[in-house]
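Numbering (my numbering), first residue to last: 21 to 204.
This is the structure:
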């Protein structure tokens, strides 16, 4: 069965959660998984840059896991007939291993860094900020969906990953990191 792009069911400003519950399109859960959808797109933008193959493959995996996060947040039923993918502790551990591997080749931080230096690096910072917003929205609705703890942990670790990725790509692309020097 082909999926139809338009259903006309949202023409009055409501949409359905998985399970059939109708909610306004501005509902906090829609904000949460909509922000994750935005993040998936920004990660696609990073993936489309001139970066190493390992990072591209890791970003594809991250996009997949984010689709799972969005599905979890969008699910509102006890016994859905639809099989919902799961998020595992091992998904969070993958991000931690990637962070550790990248940090081995980076100078330790001595101050905050101002985003910029290269377009690809800036995309990482934008994605990191969208990820933090997705985390905040998910925290607001965490009592409304199952497995919220894993989703929130994943988003938290992903924002760390995106920050370290920005630093790694600064090195790879020979971009300068600009330290923040507060005027005190």
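Glycine residues also receive a C-beta, built at the ideal position from the N, C-alpha and C atoms.
Label residue i either buried or exposed according to how many other C-beta atoms from any shown protein chain fall within 10 Å of its C-beta, with 16 as the threshold for buried.
i: residue 33; result: exposed
i: residue 100; result: exposed
i: residue 126; result: exposed
i: residue 183; result: buried
i: residue 102; result: exposed
i: residue 53; result: buried
i: residue 186; result: buried
Would you mind giving the Cβ-Cβ distance between residue i and residue j, rounded to the nearest angstrom? I have them listed as a contact below 8 angstroms.
i: residue 155; j: residue 179; result: 7 angstroms
i: residue 144; j: residue 86; result: Not really, about 15 angstroms apart at Cβ, beyond 8 angstroms.
i: residue 90; j: residue 56; result: 4 angstroms
i: residue 107; j: residue 170; result: 4 angstroms
i: residue 181; j: residue 118; result: 6 angstroms
i: residue 133; j: residue 199; result: 6 angstroms
i: residue 158; j: residue 93; result: 7 angstroms
i: residue 73; j: residue 160; result: That belief does not hold up - the Cβ atoms of residue 73 and residue 160 are roughly 37 angstroms apart, past 8 angstroms.
i: residue 79; j: residue 150; result: Their Cβ separation, rounded to whole angstroms, is 14 angstroms, which puts residue 79 and residue 150 out of contact at 8 angstroms.
i: residue 120; j: residue 41; result: The Cβ separation is near 40 angstroms, so there is no contact.
Return yes when the C-beta of residue i is under 7 angstroms from any heavy atom of the ligand NAP, and no when it is not.
i: residue 71; result: With respect to the ligand NAP, the structure offers nothing, as it holds no ligand at all.
Give a yes or no on whether the minimum CB-CB distance between residue i and chain B is below 8 angstroms.
i: residue 70; result: Absent from the structure is chain B; it holds one protein chain and no more.
Quickly, what does DSSP pair residue i with across the bridge? List them, please.
i: residue 36; result: 42
i: residue 199; result: 133
Subject >> Stretch pair the segment 137-148 + the segment 177-197: three plus CB contacts closer than 8 angstroms >> reply: yes
Original post:
Should the segment 61-74 be regarded as contacting the segment 164-177, the criterion being three or more beta carbon pairs within less than 8 angstroms?
Top reply: no
Original post:
Which parts of the segment 101-180 are runs of the alpha helix (DSSP H), unbroken and 4 residues or longer, counting only runs that do not cross its ends?
Top reply: 109-123 and 139-160
Subject >> the segment 169-177 touching the segment 105-114, judged by at least three CB pairs closer than 8 angstroms >> reply: yes
Subject >> alpha helix (DSSP H) runs contained entirely in the segment 45-101, provided each spans 4 or more residues >> reply: 48-67 and 73-94
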